[in-house]
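Each remark here refers to the structure printed beneath this line.
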Amino acid sequence: MSQMSLGVVRSLGVGRFLDWGVLNARGAAGGVLVFWDKRVMELEGMEVGLFSISCRFKNCENGFSWIFSGVYGPTLKRYRELFWEELGAIRGLWSDPWCIGGDFNLIRFPNESRKGGRLSSSMRRFSEVIDDLDLRDLPLQGGPFTWSGGLNNQAMFRLDRFLVSEDWEGHFKGAVQCTLPRPVSDHFLILLDEGGVTRGPVPFRFENMWLKEKGFKDLLKG
Numbered sequence: 118m119s120q121m122s123l124g125v126v127r128s129l130g131v132g133r134f135l136d137w138g139v140l141n142a143r144g145a146a147g148g149v150l151v152f153w154d155k156r157v158m159e160l161e162g163m164e165v166g167l168f169s170i171s172c173r174f175k176n177c178e179n180g181f182s183w184i185f186s187g188v189y190g191p192t193l194k195r196y197r198e199l200f201w202e203e204l205g206a207i208r209g210l211w212s213d214p215w216c217i218g219g220d221f222n223l224i225r226f227p228n229e230s231r232k233g234g235r236l237s238s239s240m241r242r243f244s245e246v247i248d249d250l251d252l253r254d255l256p257l258q259g260g261p262f263t264w265s266g267g268l269n270n271q272a273m274f275r276l277d278r279f280l281v282s283e284d285w286e287g288h289f290k291g292a293v294q295c296t297l298p299r300p301v302s303d304h305f306l307i308l309l310d311e312g313g314v315t316r317g318p319v320p321f322r323f324e325n326m327w328l329k330e331k332g333f334k335d336l337l338k339g
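Mind the numbering: the sequence shown is residues 118 to 339 in my numbering, read in order.
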């Protein structure tokens, strides 16, 4: 995944100003790529786990330090406690304002599935972890689901989300998460917008050249 990631990062066209970190995929599943503009944020530390890559950033403009964790949750139930423990270890490592984003491969409430159903023990445990880590689940705009699949895309779930700590939300007031179009993946893209400022069109770019990178389509579909 490292070579594929390098090709994607270079295609963004900001050259020496862009830096990145990666959690390699395991087969066709998983893998997280985090990249940032060094003119905007300075990397102060990075930790790569089994299910996450966490970066401690300092904003160049005001010196504000915060943590971002990109995650890809386990698809098998037997590994979920390891995932929750990993998130707890990140919180133990750094006490800065924290934002977590990615594919948790798990829903939190029955209404996050198109078919509904009952509140399961896995859902309860997910909410318990969020509470234990003092995180907030920001409102999702643009639709209730972030993934669709199966026959005629009849299965729909909210697998992807951003979670933030209270002090992170206090600094980035008005932050919301919203779904964006999905050019290839069965997942909708999720934008975390600080809010409060009108910026015009959504600053999202999908480059067709990314599709030529070996493994890129498999990464999206995973």
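Even glycine gets a Cβ: it sits at the ideal position worked out from N, Cα and C.
Counting C-beta neighbours from all protein chains within 10 Å, is the total for residue i 16 or more, i.e. buried, or is it exposed?
i, result
"residue 209", "exposed"
"residue 133", "exposed"
"residue 275", "buried"
"residue 177", "exposed"
"residue 227", "exposed"
"residue 318", "Unreliable placement is indicated for residue 318, whose pLDDT of 42 sits below 50; the coordinate value is still reported in the next sentence. Residue 318 comes out exposed."
"residue 171", "buried"
"residue 149", "buried"
"residue 316", "Because residue 316 carries a pLDDT of 42, less than 50, the predicted location of this residue cannot be relied on, and no value is offered for it."
"residue 294", "buried"
"residue 314", "In this prediction, residue 314 scores a pLDDT of 38, lower than 50, which makes its location untrustworthy; the coordinate-derived value is nonetheless stated afterwards. Exposed."
"residue 311", "exposed"
"residue 147", "buried"
Taking the Cβ atom as the reference point for each residue, do residue i and residue j lie within a distance shorter than 8 Å?
i, j, result
"residue 219", "residue 188", "yes"
"residue 183", "residue 216", "yes"
"residue 169", "residue 207", "yes"
"residue 251", "residue 282", "yes"
"residue 173", "residue 180", "no"
"residue 225", "residue 273", "no"
"residue 253", "residue 286", "yes"
"residue 214", "residue 288", "yes"
Among the options, which residue has its Cα nearest to the Cα of residue i?
i, options, result
"residue 239", "258, 198, 256", "198"
"residue 296", "283, 288, 287, 278", "278"
"residue 194", "282, 140, 242", "242"
"residue 138", "305, 151, 147", "151"
"residue 280", "272, 266, 308, 304", "308"
"residue 203", "224, 165, 214", "165"
"residue 142", "303, 273, 191, 304", "191"
"residue 159", "135, 196, 147", "135"
"residue 262", "201, 237, 233, 248", "233"
"residue 205", "157, 223, 186", "186"
"residue 260", "298, 147, 289", "298"
"residue 257", "267, 306, 222", "306"
"residue 291", "221, 248, 255, 249", "255"
"residue 157", "175, 229, 222", "175"
"residue 167", "155, 154, 153, 200", "200"
"residue 237", "155, 223, 266", "223"
So who's on the other strand from residue i, going by DSSP bridges?
i, result
"residue 240", "DSSP, once it has assigned bridges, lists no residue as partnering residue 240."
"residue 296", "307"
"residue 183", "174"
"residue 274", "230, 264"
"residue 253", "281"
"residue 246", "DSSP output for residue 246 lists no bridge partner at all."
Practice problem: Please list the segments of the alpha helix (DSSP H) lying wholly inside the segment 189 to 218, counting only runs of 4 or more residues, in order along the chain. | Solution: 197 to 210
Quiz item: Can you give, in chain order, each stretch of the beta strand (DSSP E) that sits fully within the segment 131 to 163 and has at least 3 residues?
Solution: 135 to 140, 149 to 154
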